[in-house]
Each structure stands twice: as structure tokens, then as C-alpha cells.
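Asks: What follows is a structure written as C-alpha cells; I'll ask about it next.
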Amino acid sequence: MLLVLGTIGLTFNTLIFTRQTFRQTSCVHYFLASTVANYFVVFFILPSRILSDGFSIDPGQYNLFYCKIRFYTYFTAKSLSSWFIVLACFDRRMSSSQNVHLRAFARPSVSRLTIVITTFIGLIFYAYVLYFYEIGPNRSCDSRPGFYSVFNDSVYLIGYSITPPLLMLIFGIWTITNTRRLRRIAPRGRRISILNKRDHTLMLMLFLQVIFITVTTVPHAVQKLYSTLTIDVPKDDYTKAADNVFIVVVRAVSFFNHSCTFYILTLSGKMFREELYRILRKMTCRRPLQATRNNQHLRTLTHAIKCTAADRPVQVKERTAKQNVP
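Going by my numbering, the first residue of the sequence shown is number 22, and it counts up by one from there.
Okay, here's the thing in C-alpha cells:
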């Protein structure tokens, strides 16, 4: 279900965010970058999790290279997806500043450069996963026990589940405060109203996505840290079964953040829904509309030919009459 929803949602996200209406807004570039990161989660990480959890097929148990690459992509893509939303919140905060130099940060050229730098930092930061992860004695691909495992789960909890939502909340409150201040001092006009409407829509989309990210990521990160800290604690069969069920549930919930962002944005943004409607109308009505235009063009040409043929004898008679006049 998550794979199907993710495929549909990410495809429409890409189509909408690359349209001319959104392409001129720097904030949308971060949404698009987050969508690209989610492609790796949905089409690379999610199928491997489906195979391992649903069918007990895990190539990482036998191939060390696949083991390392899978978890490296897992941590990098999921973290970059959230950090791009943090940058989108920061972009909205800069765009609402009274300082013209700070507002210059909210430009498409700056957003593209920031996305490249952030991606490069994320790829380097999570390079430790390539060293920490290995195939254990029980033929499972996991981080090395002891300090390495605690460090890995702590970074996942702080760098993915706690820090990004906290920064999103701070930048969001900051932006709302700046926006209200600008509304009191800015002159009213049609352009100001349009910009306020667009910013309001983007802020609502960001706010709901922040809540969604927090609810879906924190339980999984807490579960990973809990499992690591209690790995040497004796547990009865009932506790082990409860832990296993909890692991499967929170792991599935964490993928909702990367598969269902399109549906959150569709519910929260009117401008987003309008662009989606235009795309669907263009996809469904393209051929009938083109056929109608061709028929109209053909009828126009036919009518013009008939009119020309009908007028030609009259013109010939007029010429003959003029020639016969002495």
C-alpha cells in the first residue's frame, strides 16, 4: 500500500512542483528536493523492507556491499528529506524579514546552491554507516554492537527525529511573527494580497508537514534507541513478542512520512489542488480538445473554400461586363 501510494504521490509532486507557477518560488525548490530524496526511500529502501519483513528475503544477509549501501541510502535519504523541509521553513522566515539582505536568501538561485551543499554534507556525514554496518554472526545486517550501535541510534534520534521538527517549529513561529508585523506596515494592494495568499498557503503546507514528520519519525527513532539500550536485558516471550510487533508498526509508520506527503499537501494547499486539477484536466482532455480544434479548423477551411467558389462566377461576370462596355 505504501509503495503504491508513494509512487502516485511522488509522481504528482514532481509534476506540480516543476510547473511554472511554483518554479519561481524558492521554497518550492526545497519541496522538490525533498521529493527526490523520498524517491530513494520509496523505490529502494521500501521494497527491500517489504522483501525482508514480508517474505524473509534479505540480500543484506549474504552481501556485505548491499548491506552497507542499503543502510547508507536509508539514513541519508530519510534525513535529507526532513532537512530540506527545514530549509523550506528557513526560506519562508527569510522571505518575511524586513531586512532586504536577508530576503535575498529566498531566491531560486540561492535555494539551488543550498540544496547542493546540503546534499553534499549529508552524503559525507552519514559515511560512518559504511564502516559501522556489517553482517553479524546471526546473519543479520546491522551496526556493530556496543558504542557503535548506541552512537548510530542516537544520531538517528537527534539528527532525524528531534532536531528537524524542532527547527521547523522555531522557524515557523518566527515566520508567522514576521508576517504579522509586515502586514501592519505594508501598504495594501493587489500584489501584496496575492503574495500574502501564496505565503499563507505555503506556511499551512509546511505546518501540517512538520506535524506529520514529527508524528511519524519520533516513535521509530525512540524504538531503535530502546532496543539498543535493552539488548542485554532479559525479556520473557511476551515482552519479546510485544517488542517485535512495536518494531514492525513504528517502522511502517515511519515510511508514511516519505510516501504520503502528496496527500498532506493536497489537503492543506488550495493552490496545490488547483495545479493538480489543471494537470489532471490536461491529461484527460488533451486528445478530445485537440480533435475538436482540428474539426473546427477543417470546417473553417471548408467554409472558406465554398465561399471562394461561390464568389468566383460573380467576379467573372463582372469582368466580362466591364470588357463589353464601350
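A virtual CB, placed ideally from N, CA and C, is assigned to each residue, including glycine.
Keep in mind that this is a model prediction, so the values were computed, not measured.
#1: I think L31 touches F283, with their Cβ atoms under 8 Å apart; what is that distance to the nearest whole Å?
#2: Compare the C-alpha of T42 against each of P80, I300, T305 and name the closest.
#3: What alpha helix (DSSP H) runs, 4 residues minimum, are completely inside the region 214-300?
#4: Shortest alpha-carbon distance to I71 belongs to which of L24, Y87, Y95, F141?
#5: Thinking C-alpha only, which one of A127, S100, G27 is nearest G180?
#6: In this structure, does DSSP put S164 in helix, strand or coil?
#7: List the residues that DSSP assigns as beta-bridge partners of I156.
#8: Starting from the Cα of F38, find the closest Cα among A54, G27, N199 and give me that residue.
#9: In whole angstroms, what is the alpha-carbon distance linking I197 and V107?
#10: Counting C-beta neighbours from all protein chains within 10 Å, is the total for L151 16 or more, i.e. buried, or is it exposed?
#11: CB R91 to CB W195, shorter than 8 Å?
#12: Which whole-angstrom value describes the C-beta separation of A58 and A98, a residue pair presumed to lie in contact below a C-beta threshold of 8 Å?
#13: For the candidate residues E295, S116, R294, whose alpha-carbon lies nearest to that of P129?
#14: Counting C-beta neighbours from all protein chains within 10 Å, is the total for C48 16 or more, i.e. buried, or is it exposed?
#15: Should the region 64-82 be regarded as contacting the region 131-140, the criterion being three or more beta carbon pairs within less than 8 Å?
#16: Which same chain residues, not among the five before or five after Y87, have their C-beta less than 6 Å away from its C-beta?
#17: Going by the CB atoms, is the gap between V243 and L297 shorter than 8 Å?
#18: Between Y60 and the rest of its own chain, which residues show a CB-CB distance below 7 Å, the 5 nearest in sequence each way excluded?
#19: With distances taken Cα to Cα, identify the nearest neighbour of F52 among V231, I66, G157, S175.
#20: Look at the Cβ atom of K245, then the Cβ atom of D174, and state whether they are nearer than 8 Å.
#21: Assign Y265 to buried or exposed, taking buried as 16 or more other Cβ atoms, counted over all protein chains shown, within 10 Å of its Cβ.
#22: Hey, I285 and L229 are a contact pair by Cβ (cut 8 Å); roughly how many whole angstroms apart?
#23: Which residue's Cα is closest to the Cα of E155: H279, V271, N84?
#24: Mind checking K89: buried by the 16 CB within 10 Å criterion, or exposed?
#25: Looking at the structure shown, is Q82 part of a helix, part of a strand, or coil, going by DSSP?
#26: At which residue ranges does the region 82-139 contain complete alpha helix (DSSP H) runs of 4 or more residues, listed in the order of the chain?
#27: Using only alpha-carbon positions, find the residue among R40, Q119, Y95 that is nearest to I66.
#28: According to DSSP, simplified to helix, strand and coil, what is S77?
Replies: Quick look at the numbers:
#1: 7 Å
#2: I300
#3: 258-280, 282-289
#4: L24
#5: S100
#6: strand
#7: C162
#8: A54
#9: 15 Å
#10: exposed
#11: no
#12: 5 Å
#13: S116
#14: buried
#15: no
#16: P80, G81
#17: no
#18: L31
#19: V231
#20: yes
#21: Rather than Tyr, the amino acid found at residue 265 in this sequence is Asn. Looking at its Cβ environment, which holds fewer than 16 other Cβ atoms inside 10 Å, N265 is exposed.
#22: 5 Å
#23: N84
#24: buried
#25: helix
#26: 85-116, 121-124
#27: Y95
#28: coil
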